[in-house]
Amino acid sequence: MTSRAYFAGLALLTMASAHGAALSAETPADTVYRNGYVYTVDANDSVRQALAVRAGRIVYVGDNAGARARTGKATKVIDLKGRMLMPGLIDGHMHPQSGGSRLLNCSLNYEALTVPQFQSRIQACLDKDKKSSPDRWLVVVNWFQQGMLPDGVQTSAATLDALKTDRPVIVRSSFGHSVQLNSKGIKLAGITRDTKDPAGGKITRDAGGDATGLLEDAAQDMAMNLLPPLTVAENLAASSAALAAMRKQGITSFLDAYTDPETMTAFTDLHKQGKLTARAHFAVLIDLDKGATPQSAVAELLKQQKQFDQGPTTVAPSMQVRHAKLFMDGVISAPAFTGAMLEPYLVNKGTAEKPDWQPGPSAGPASYFTQDALKTTLTELANARIDPHIHVDGDRAVRETLDAIEYLRSTPAGKDVRPALAHDEIVAPADYPRFARLDVTPVLSFQWAKPAPDTVGALRDYMGPARYATVEPQAVLLNAGARIAYGSDWPVDPLDEWFALKVGVTRTAAPDAGKEYAGRLGAQPGMPRAAVLRAITMNAAYTLRQEALTGSLEVGKLADMIVLDRNFFTIPEEDIANIKVLQTVVGGKIVYQAGGMR
8 MTSRAYFAGL
18 ALLTMASAHG
28 AALSAETPAD
38 TVYRNGYVYT
48 VDANDSVRQA
58 LAVRAGRIVY
68 VGDNAGARAR
78 TGKATKVIDL
88 KGRMLMPGLI
98 DGHMHPQSGG
108 SRLLNCSLNY
118 EALTVPQFQS
128 RIQACLDKDK
138 KSSPDRWLVV
148 VNWFQQGMLP
158 DGVQTSAATL
168 DALKTDRPVI
178 VRSSFGHSVQ
188 LNSKGIKLAG
198 ITRDTKDPAG
208 GKITRDAGGD
218 ATGLLEDAAQ
228 DMAMNLLPPL
238 TVAENLAASS
248 AALAAMRKQG
258 ITSFLDAYTD
268 PETMTAFTDL
278 HKQGKLTARA
288 HFAVLIDLDK
298 GATPQSAVAE
308 LLKQQKQFDQ
318 GPTTVAPSMQ
328 VRHAKLFMDG
338 VISAPAFTGA
348 MLEPYLVNKG
358 TAEKPDWQPG
368 PSAGPASYFT
378 QDALKTTLTE
388 LANARIDPHI
398 HVDGDRAVRE
408 TLDAIEYLRS
418 TPAGKDVRPA
428 LAHDEIVAPA
438 DYPRFARLDV
448 TPVLSFQWAK
458 PAPDTVGALR
468 DYMGPARYAT
478 VEPQAVLLNA
488 GARIAYGSDW
498 PVDPLDEWFA
508 LKVGVTRTAA
518 PDAGKEYAGR
528 LGAQPGMPRA
538 AVLRAITMNA
548 AYTLRQEALT
558 GSLEVGKLAD
568 MIVLDRNFFT
578 IPEEDIANIK
588 VLQTVVGGKI
598 VYQAGGMR
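Count the sequence shown with my numbering and you get residues 8 to 605, in order.
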């Protein structure tokens, strides 16, 4: 089915479902929820008492009396006992296959580690896996590179060469933009003193010009491409693990923000087995670094869409391929500094005891798309009815992308596009109102807006006070009229949506993060609670073109919803992080239920 036909079909499907619900309003429901705090996320953020479901759709939202009228002999009645019922969470930017596979790998668990602790944890993995041959790579994941202790300590191949192993070792940063190799890994990757940095990447070198084994952004491919691909069984295990984690969190829809055919094949297999428990949306990478043109890259995306897209949304979860992923830069965090900035990163021209932070020689790399290439690519995507999902971390990447979208909006096809800009960690204040004016959705990871090793200290020093004050402009963009959506970026961080929502409100770290990370991140306000929930429901649904079907609890919509163990709105702010999902429902079917739900 073409994208154009899909959107026409979606409109007809929505009208038909609403009409059918009206005609059969008094037919007994399959399930009734009563005595609850039913938070609808409708246009008025209405709170109701009861809700009824028939054939996977919501047929009633109102008071107990109205629900009672729809209760028949076969209706399952769930007494919420005052608990909160709300729309299912829609994660607008994650990497489920990577997250699932990391649950199965040697993991450093995002912990702040000293070099001896770093080495000890990896050695334990090597000792546990003694059956592997000397040529088999050890892949280590969830390395919180920015949290290494003490602050500023760096790793190199020598750090890993001290381990008792003959195997090549690759340690993947949780941010996804750096890997660390040992010397054997460097050799296998073919990296020498004469090897040039690839386009969009950096080979870190020591003072003598030798590679340290730290590879940034596109340079990671020099090693990552040597790793054996996951087997079919491993892909299925990773997908299954990801869906299990999502169900427990209350995620009913997600966008895989950087997919591949192997991932979509695994999810297709799970769908065939009846094991797809969330609505799956996929963004195919558009990358011009390896000789592709905008036209050929979009043609390849459409080929994958034809193979994997399962058509109009149905009551049961299915797969859709209607997004493209583009990278404009890397990350602003040290030591990468691959975020594209309007002004240079600062460097210390003094000493550690008496620092003197001054503008350095680098404002980050050139944006990964030139302005002409970006305009052409966005135009090709618009003509194909594919929505762009664009990684932008630094303020120059944000500005250049908004400039291209401003051009796109002047074209006939560009008027209907729904562009999303992911991350937006630093945005120039002059660009705040452009998101609303150009109807661009910032998809933000709220959990980043807290004091942490990657925000306190290094980032403050390298950015300087004026720019540091603008870091993570979540409420600022909201107040400028932007439609804020949420994306966890899992597995950059652990999958903990409720902690992230807490940070979105408070801009504070966890209580056990350490006294150096107490207090709020900067002087910016947190977001209102209602805005935080709308970001992970209706606004994320909008980026997926699903707002007519999901994202709120309204008659005619799909019954994608969750029951919480406490009320998001009445508990203390810090307690939001402790919320547990008691029940997750997708298309009227319970896909997860905790022991506390009766």
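Yeah, the Cβ is synthetic: ideal placement off N, Cα and C, and Gly gets one too. Every value quoted in this text rests on a predicted model; they were computed, and no experiment measured them.
Near the ligand ADP: residue i beta-carbon under 6 Å from a heavy atom
i, result
"residue 587", "As for the ligand ADP, it is missing from this structure, which has no ligand bound."
Three-state class that DSSP yields for residue i in the structure shown
i, result
"residue 405", "helix"
"residue 595", "coil"
"residue 550", "helix"
"residue 147", "strand"
"residue 616", "Lying outside 8 to 605, the shown extent of the chain, residue 616 is not represented and no answer is given."
"residue 332", "strand"
"residue 287", "strand"
"residue 232", "coil"
"residue 469", "helix"
"residue 376", "coil"
"residue 340", "coil"
"residue 475", "helix"
"residue 261", "strand"
"residue 498", "coil"
"residue 432", "coil"
"residue 49", "coil"
"residue 602", "coil"
"residue 111", "coil"
"residue 574", "coil"
"residue 491", "coil"
"residue 355", "strand"
"residue 537", "helix"
"residue 413", "helix"
"residue 423", "helix"
"residue 588", "strand"
"residue 438", "helix"
"residue 123", "helix"
"residue 321", "coil"
Residue i, buried or exposed, once every other Cβ within 10 Å from all chains shown has been counted against 16
i, result
"residue 77", "buried"
"residue 185", "buried"
"residue 564", "buried"
"residue 394", "buried"
"residue 498", "buried"
"residue 8", "For residue 8, the predicted model reports a pLDDT of 39, less than 50, meaning its position is unreliable; a value from the coordinates is still stated below. Residue 8 comes out exposed."
"residue 579", "exposed"
"residue 260", "buried"
"residue 60", "buried"
"residue 555", "buried"
"residue 139", "exposed"
"residue 452", "buried"
"residue 116", "exposed"
"residue 408", "buried"
"residue 423", "exposed"
"residue 256", "buried"
"residue 479", "buried"
"residue 336", "buried"
"residue 374", "buried"
"residue 281", "exposed"
Supposed contact pair residue j and residue i - C-beta distance, whole angstroms, cut 8 Å
i, j, result
"residue 144", "residue 193", "The Cβ separation is near 13 Å, so there is no contact."
"residue 494", "residue 99", "4 Å"
"residue 572", "residue 603", "6 Å"
"residue 549", "residue 458", "So it is not a contact: roughly 31 Å between Cβ atoms."
"residue 181", "residue 151", "6 Å"
"residue 38", "residue 82", "7 Å"
"residue 304", "residue 294", "7 Å"
"residue 226", "residue 208", "3 Å"
Residue i at chain C interface by Cβ criterion, 7 Å
i, result
"residue 380", "Among the chains in the structure shown there is no chain C, since it carries only a single protein chain."
Would you say the stretch 197-213 touches the stretch 248-266, given that touching needs at least three Cβ pairs under 8 Å?
no
Contact between the stretch 306-324 and the stretch 402-417: three or more CB pairs below 8 Å?
no
For the stretch 438-449 against the stretch 486-493, are there 3 or more C-beta pairs whose distance is under 8 Å?
yes
If we count Cβ pairs, one from each stretch, closer than 8 Å, do we get three or more for the stretch 283-290 versus the stretch 587-598?
yes
As an exercise, report each continuous alpha helix (DSSP H) stretch of at least 4 residues that is fully enclosed by the stretch 132-193, in chain order.
164-168
Do the stretch 79-89 and the stretch 114-133 make contact, defined as three or more Cβ pairs closer than 8 Å?
no
At a cut of 8 Å, does the stretch 161-175 reach the stretch 206-224 through at least three beta carbon pairs?
yes
Segment contact flag, the stretch 525-532 with the stretch 461-478, C-beta cutoff 8 Å, min 3 pairs
yes
Using 8 Å as the threshold, is the stretch 411-431 in touch with the stretch 381-399, meaning 3 or more CB pairs across them?
yes
Which runs of the alpha helix (DSSP H) spanning at least 4 residues fall entirely within the stretch 207-253, listed in chain order?
228-231
Cβ pair count under 8 Å reaching 3, the stretch 342-360 against the stretch 464-474:
yes
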